[in-house]
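Q: For what it's worth, full-length UniProt numbering labels the leading residue of the sequence shown as 1, then goes sequentially. Note that beta-carbon positions come from the ideal geometry of N, C-alpha and C, so glycine has one too. It should be emphasised that the depicted structure is a prediction, and the values quoted were computed from it without experimental measurement.
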Amino acid sequence: MSSVPFGVARLDSILGGGAPSGSVVLLAGEAGAGAREFAYTSAAMNSLAHADEELFDLYYGDVDDGAALPESVHYLSFTADTEAITREMGYTMADEIVDAAVDGISFRDLSPEYFQLSPVPRDWYETETASITELGDRGEYEDVLTAFGDYLSEHGERSLVCIDSVTDLVSMVSDDTDWSDVAMVMKGLKKAAYEWDALVLVLVNSEALRDREFGTLMDAAGGTLQFSWESGGSQRARTMFVREFRGVLSRLEAENIVRFETEIHEGGFDISDVRKIR
């Protein structure tokens, strides 16, 4: 089975190239612990590989022989537009990476569909006021999950997809949308990603979910990377461990790897050290 690079050089080298193609991977954990930075780095590096080979070689290096770069990179957000995400990427990695990579990333802002039935004023999430004609053309409101699915059906094949984030869907659960609808879409995504030969990264703040909801998402995904903060003395450190992952966890267990220490520098999210069973 071929792999798709995560875009985090040291992690990809440990895993023999990256994640198995056709995988849905949860990036789960505490706020600020590195999950979002992981997604930004993954999108930027996979785009950079096509946009600027020299920069890609400088910040990432060689792609493993057993890995294949995605043909396209897509970043879907339920609450943020392209400008906001690009600005956040600039806080995570060097400007030259973001400037070169961003044009190769297809952003899909789902905030109009997400907020349309909420009390949030339209001008907070849409930069231009829709005309009467445009409102008429829309007809019935398009459900956010439908818009989400339609976009992926059109663009998912042989791609890297970052979904930011399933946590937003939790607050949407109401009389109109059940948690079971969200869970069903995630289970369908797992099947579709395999058919598309894609790598789908799904951000989720585990602190915002009940154990049952989080367990449902884990069951619907092929793998879960857990991000957390650890305190030691006067310092806090970001760590990551592979909670479960088909085709990957066995490799880490064979090398006695139990946890990764992580850092964020001008190259984005990175592995700074590996903890092994002594």
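DSSP state of GLU30, grouped into three classes?
A: As a working note, residue 30 is residue 30 in the sequence shown. DSSP places GLU30 in coil when its eight states are reduced to three.
Q: Using a Cβ-Cβ cutoff of less than 6 Å, which residues in the same chain neighbour PHE38 once the five nearest sequence positions on both sides are dropped?
A: For the purposes of this step, residue 38 is taken as the residue at position 38 of the sequence shown. For PHE38, where only same-chain residues beyond five positions count, the Cβ hits under 6 Å are LEU27 and PHE269.
Q: Find the nearest neighbour of GLY188 within the set VAL24, SER118 and LYS276, judged by alpha-carbon distance.
A: Within the sequence shown, the letter at position 188 stands for residue 188. Closest by alpha carbon: VAL24.
Q: Name the DSSP bridge partner or partners of ALA39?
A: Sequence index remark: in the sequence shown, residue 39 carries index 39 (1-based). Answer by DSSP bridge pairing: none, since ALA39 is not bridged.
Q: Measuring only the C-alpha atoms, how far is MET240 from LEU11?
A: If you number the sequence shown from 1, residue 240 lands on position 240. If you number the sequence shown from 1, residue 11 lands on position 11. Answer to the nearest angstrom: the Cα atoms are 11 Å apart.
Q: Can you give me the start and stop residues for the beta strand (DSSP E) that GLY268 sits inside?
A: The count along the sequence shown starts at 1 and reaches residue 268 at position 268. Start and end: 268-276.
Q: Who are the Cβ neighbours of GLY104 in its own chain at under 7 Å, not counting the five residues just before and after it?
A: For the purposes of this step, residue 104 is taken as residue 104 along the sequence shown, with counting starting at 1. Cβ neighbours of GLY104 beyond the five flanking positions: SER47, HIS50, ALA51 and VAL73.
Q: Given VAL200, which residues of its chain have a CB within under 6 Å of its CB, disregarding the five upstream and five downstream residues?
A: Here residue 200 corresponds to residue number 200 of the sequence shown, with the count starting at 1. Closer than 6 Å at the Cβ level, and outside the excluded window around VAL200, lie VAL24, VAL161 and ALA193.
Q: Alpha carbon to alpha carbon, how far is GLY267 from residue 287? Give it in angstroms, no decimals.
A: The structure shown has nothing for residue 287, since the chain only spans 1 to 278.
Q: Near THR133, what residues of its chain come up, given a Cβ to Cβ distance below 6 Å and the 5 sequence neighbours on each side ignored?
A: Reading the sequence shown from its first residue, position 133 is the one you call residue 133. With a pLDDT of only 48 at THR133, under 50, the local geometry of the prediction cannot be trusted, and no value is derived from it.
Q: Distance, Cα to Cα, GLU253 vs LEU145?
A: Position 253 of the sequence shown holds residue 253. Position 145 of the sequence shown holds residue 145. Taking the straight line from one Cα to the other gives about 37 Å.
Q: Between the beta-carbon of SER21 and the beta-carbon of ASP197, is there less than 7 Å?
A: In the sequence shown, residue 21 corresponds to position 21, counting from 1. In the sequence shown, residue 197 corresponds to position 197, counting from 1. Yes.
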